[in-house]
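Heads up: the sequence lines are chains A and B, in that order.
So for the first sequence, my numbering puts the first residue at 116; every next one is plus one.
So for the second sequence, my numbering puts the first residue at 116; every next one is plus one.
Heads up, the beta-carbon is just placed ideally off N, CA and C, and yes, glycines get one too.
Source: prediction; values computed, not measured.
Protein chains: 2
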Amino acid sequence: MKIETLRWMNNKLEMIDQRVLPASFQYLAYDSAASVAEGIRSMVVRGAPAIGVAAAYGVALEALRLQGASLVDFHSGMEAGFTVLERSRPTAVNLFWALQRMHTVWSMVKGQKNEAVAQRLLEEAHEILAEDIRINRAMGAFGAELLPDGARVLTHCNAGALATAGWGTALGVFRSAVEAGKKISVIADETRPFLQGARLTAWEMVQENIPVTLITDNMAGFMMSRGEIDAVVVGTDRVASNGDVANKIGTYMVAVLARRHNIPFYVACPLSTIDMSIVGGADIPIEERSADEVKGFRDYHWAAEGVSIRNPSFDVTPAELVTALITERGVVRQPNRDKLRALFG
Amino acid sequence: MKIETLRWMNNKLEMIDQRVLPASFQYLAYDSAASVAEGIRSMVVRGAPAIGVAAAYGVALEALRLQGASLVDFHSGMEAGFTVLERSRPTAVNLFWALQRMHTVWSMVKGQKNEAVAQRLLEEAHEILAEDIRINRAMGAFGAELLPDGARVLTHCNAGALATAGWGTALGVFRSAVEAGKKISVIADETRPFLQGARLTAWEMVQENIPVTLITDNMAGFMMSRGEIDAVVVGTDRVASNGDVANKIGTYMVAVLARRHNIPFYVACPLSTIDMSIVGGADIPIEERSADEVKGFRDYHWAAEGVSIRNPSFDVTPAELVTALITERGVVRQPNRDKLRALFG
Chain A
116 MKIETLRWMN NKLEMIDQRV LPASFQYLAY DSAASVAEGI RSMVVRGAPA
166 IGVAAAYGVA LEALRLQGAS LVDFHSGMEA GFTVLERSRP TAVNLFWALQ
216 RMHTVWSMVK GQKNEAVAQR LLEEAHEILA EDIRINRAMG AFGAELLPDG
266 ARVLTHCNAG ALATAGWGTA LGVFRSAVEA GKKISVIADE TRPFLQGARL
316 TAWEMVQENI PVTLITDNMA GFMMSRGEID AVVVGTDRVA SNGDVANKIG
366 TYMVAVLARR HNIPFYVACP LSTIDMSIVG GADIPIEERS ADEVKGFRDY
416 HWAAEGVSIR NPSFDVTPAE LVTALITERG VVRQPNRDKL RALFG
Chain B
116 MKIETLRWMN NKLEMIDQRV LPASFQYLAY DSAASVAEGI RSMVVRGAPA
166 IGVAAAYGVA LEALRLQGAS LVDFHSGMEA GFTVLERSRP TAVNLFWALQ
216 RMHTVWSMVK GQKNEAVAQR LLEEAHEILA EDIRINRAMG AFGAELLPDG
266 ARVLTHCNAG ALATAGWGTA LGVFRSAVEA GKKISVIADE TRPFLQGARL
316 TAWEMVQENI PVTLITDNMA GFMMSRGEID AVVVGTDRVA SNGDVANKIG
366 TYMVAVLARR HNIPFYVACP LSTIDMSIVG GADIPIEERS ADEVKGFRDY
416 HWAAEGVSIR NPSFDVTPAE LVTALITERG VVRQPNRDKL RALFG
């Protein structure tokens with residue numbers, strides 16, 4: 116099954132509603148920057164690369180929506196559109212990367228007719244989507260070589276087709292390994308509070324007929340201590356220039372345990388996720404989301420009344436715990452500033 | 116509020132139904148060994164010391180139930196009662212400790228009239244309950260001295276009044292610290308899949324007006340990396356003779372992280388939880404519970420259909436990661452076999 120997380124349909128952006136998966140599979144349609152921003156904020160779409168693609172379409176949709184306006188209104192409306200998208204979520208750098216790329220195009224063509232500008236922005240969004248899949252395929256091929264035949268691989272959150280335009284970063288590595296004829300089995304952390312592992316990663320792997328075992332987040336240490344994990348592969352929302360990795364809350368705990376058990380810890384990471392403008396992980400903004408997410412799941416709240424709640428959505432794994440980054444340009448072992456700089460050279 | 120996890124009422128054992136807390140607070144009544152065993156298995160009552168007390172009452176209830184029978188039927192019925200209770204859950208040693216204590220009494224008095232035997236067994240169960248609270252108080256006093264004023268203390272699962280006959284082991288330390296005039300704030304891991312932290316620990320601390328913050332299990336590393344945890348205190352289900360600690364799944368991950376961040380990791384541990392008969396943690400049987408627990412919570416299942424599931428209910432923290440055991444006879448720093456042997460001397 117080919118999973119189209121985002122698709123262009125009837126001049127609208129359609130996105131799979133990831134809040135209701137796997138119980139129901141449905142697309143929601145978007146026709147403006149503000150609606151896409153809300154879709155990102157509310158996690159209809161999530162996953163750093165997918166957010167980037169969604170934001171690019173948000174810009175294009177805004178141009179299409181406003182193309183009939185006066186030049187002045189079109190220009191001010193577009194700038195407002197960029198701003199609302201920028202403010203949707205803070206941690207994943209792909210959002211800002213995609214918006215910057217769209218803004219560069221916007222700056223180059225905004226002297227043309229509104230309709231031509233809108234078409235050019237839409238083409239760029241299409242290209243970002245297509246490119247994302249090509250990049251995932253390239254990462255997958257490099258990453259697949261790292262996994263021995265028969266590997267039992269732990270992953271956290273969902274860095275799959277649903278987190279990208281398709282194929283996936285971490286799950287793309289698994290797909291590529293299987294495509295290359297390797298037997299792989301996946302252990303999926305459920306990933307509280309949004310349960311991306313239980314709902315999305317498990318669902319994707321079941322669709323692919325890749326064996327997948329679900330555990331709660333607090334079982335990873337047990338599994339490692341029993342020798343039941345051979346490698347860890349995760350995605351990332353932002354990598355700092357020194358190789359520190361921001362990813363879904365709990366990733367850091369997995370990395371610390373992997374080190375203790377001498378298990379390789381790999382991060383599948385397109386170049387668009389590397390932020391060379393920041394020195395280290397301490398500079399990555401960590402989103403804190405609503406307390407409601409931790410009180411329970413969806414509308415079912417089980418936590419005791421009156422308890423305070425924290426809900427940081429990401430954490431930072433220091434570069435020293437990262438065995439290698441898997442990028443579309445190859446595998447970067449023991450990542451550091453010099454190696455990351457060389458990647459972009 | 117005094118929490119009576121187990122109480123003797125109208126010649127029955129009543130236990131708070133911990134499966135439905137905190138949404139509803141209700142007692143269920145038990146009148147036989149088999150029903151108590153089912154209450155333990157289904158986690159109406161949980162927590163190693165509470166399970167021990169429940170099992171003791173299970174023996175007494177069986178004697179009361181069968182006291183009108185012939186001597187032969189009484190004796191065979193009692194032995195069957197011991198067996199059904201022994202098989203209720205495998206990991207917490209307090210269950211076997213309590214049953215052994217009851218069996219010793221049983222062996223001494225079983226020549227007497229059935230009614231006298233039943234009364235003697237009931238007295239012993241009452242004594243085990245009363246003793247548990249005294250022991251918790253003693254542990255609390257020793258443990259409270261370890262916590263600095265203002266300490267922000269992480270705990271995992273529920274080692275509270277609800278896990279004991281009252282007061283609690285880990286939460287008993289917090290109660291004693293507050294009673295001694297210290298300001299303490301508690302960070303509670305939600306503790307998937309049964310959510311003892313979100314439901315029980317949070318509820319107990321709210322009742323006591325002790326500040327408590329709920330996090331998901333995968334957030335502990337983030338909190339430690341930000342310097343927001345000063346100490347960890349947990350309970351235990353069984354300590355091996357070398358100091359290895361079995362406790363609720365996820366405890367090991369917290370211990371590994373505490374070591375990385377130089378945060379003291381304390382285990383509140385009555386002597387009844389120490390199993391000198393086993394060499395190390397590898398010999399502690401780890402219960403694997405139903406997959407349904409991991410698919411969701413109660414009847415609400417969110418996991419993808421077709422996924423495999425693991426559900427180990429406990430893990431083992433090696434003694435080297437334990438800063439100290441807190442027992443009713445004092446604090447045992449860097450526990451090892453010699454120190455544990457000396458405790459029982």
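Rounded straight-line distance, which links the Cα of residue j to that of residue i
i	j	result
residue 375 (chain A)	residue 167 (chain B)	35 Å
residue 184 (chain B)	residue 384 (chain B)	40 Å
residue 417 (chain B)	residue 409 (chain A)	15 Å
residue 298 (chain B)	residue 268 (chain B)	11 Å
residue 203 (chain A)	residue 435 (chain A)	31 Å
residue 217 (chain B)	residue 234 (chain B)	12 Å
residue 171 (chain A)	residue 159 (chain A)	16 Å
residue 253 (chain B)	residue 444 (chain B)	8 Å
residue 133 (chain B)	residue 140 (chain B)	8 Å
residue 399 (chain A)	residue 210 (chain A)	14 Å
residue 230 (chain B)	residue 199 (chain B)	22 Å
residue 293 (chain B)	residue 326 (chain B)	11 Å
residue 261 (chain B)	residue 147 (chain A)	57 Å
residue 367 (chain A)	residue 346 (chain B)	19 Å
residue 439 (chain A)	residue 353 (chain A)	15 Å
residue 227 (chain A)	residue 308 (chain B)	58 Å
residue 276 (chain B)	residue 317 (chain B)	12 Å
residue 116 (chain A)	residue 414 (chain B)	29 Å
residue 295 (chain A)	residue 259 (chain A)	8 Å
residue 151 (chain A)	residue 363 (chain A)	22 Å
residue 120 (chain B)	residue 321 (chain B)	17 Å
Among the options, nearest to residue i - alpha-carbon criterion
i	options	result
residue 328 (chain B)	B:271, B:308, B:295 and B:368	B:271
residue 462 (chain A)	A:315, A:441, A:199 and A:455	The question about residue 462 (chain A) has no answer, for chain A in this structure spans 116 to 460.
residue 263 (chain A)	A:348, A:237 and A:228	A:348
residue 236 (chain B)	B:454, B:180 and B:399	B:180
residue 340 (chain A)	B:288, B:392, B:356 and B:396	B:396
residue 391 (chain A)	A:379, A:371, A:359 and A:402	A:359
residue 393 (chain B)	B:325, B:356, B:149 and B:122	B:356
residue 287 (chain A)	A:350, A:311 and A:309	A:350
residue 450 (chain B)	B:421, B:382 and B:414	B:382
residue 207 (chain B)	B:401, B:311 and B:459	B:401
residue 403 (chain A)	A:411, A:389, A:386 and A:428	A:428
residue 371 (chain B)	B:238, B:336 and B:362	B:336
residue 406 (chain A)	A:426, A:420 and A:414	A:426
residue 142 (chain A)	A:118, A:152 and A:156	A:118
residue 244 (chain B)	B:196, B:175 and B:304	B:175
Proximity test, Cβ basis, 8 Å: residue i and chain A
i	result
residue 335 (chain B)	yes
residue 398 (chain B)	no
residue 368 (chain B)	yes
residue 340 (chain B)	yes
residue 286 (chain B)	no
residue 434 (chain B)	no
residue 385 (chain B)	no
residue 373 (chain B)	no
residue 332 (chain B)	yes
Closer than 8 Å to chain B by CB, residue i
i	result
residue 360 (chain A)	no
residue 423 (chain A)	yes
residue 97 (chain A)	No statement about residue 97 (chain A) is possible, as the shown extent of chain A runs from 116 to 460 and does not include it.
residue 202 (chain A)	no
According to DSSP, residues forming a beta bridge with residue i
i	result
residue 363 (chain B)	B:429
residue 145 (chain B)	B:128
residue 304 (chain B)	B:330
residue 123 (chain B)	B:128
residue 268 (chain B)	B:301 and B:346
residue 230 (chain A)	Answer by DSSP bridge pairing: none, since residue 230 (chain A) is not bridged.
residue 381 (chain A)	A:348 and A:439
residue 355 (chain A)	A:390
residue 466 (chain B)	Chain B is shown from 116 up to 460; residue 466 (chain B) falls before or after that span and cannot be answered.
Residue i CB to nearest heavy atom of the ligand HEM below 7 Å
i	result
residue 188 (chain B)	For the structure depicted, the ligand HEM is absent and the ligand set is empty, with no information on it obtainable.
| message | Output needed in chain order: residues of the segment 162 to 184 of chain B with a Cβ under 9 Å from some Cβ in chain A. | response | none
| query | At a Cβ cut of 9 Å, what residues of the segment 207 to 221 of chain B count as close to chain A, listed as they run along the chain? | reply | none
| query | Of the residues that make up the segment 259 to 280 of chain B, which ones have a beta carbon closer than 9 Å to any beta carbon in chain A? | reply | 271
| Residues in the segment 405 to 419 of chain A having any Cβ partner in chain B nearer than 7 Å | 409, 412, 415, 417, 418 and 419
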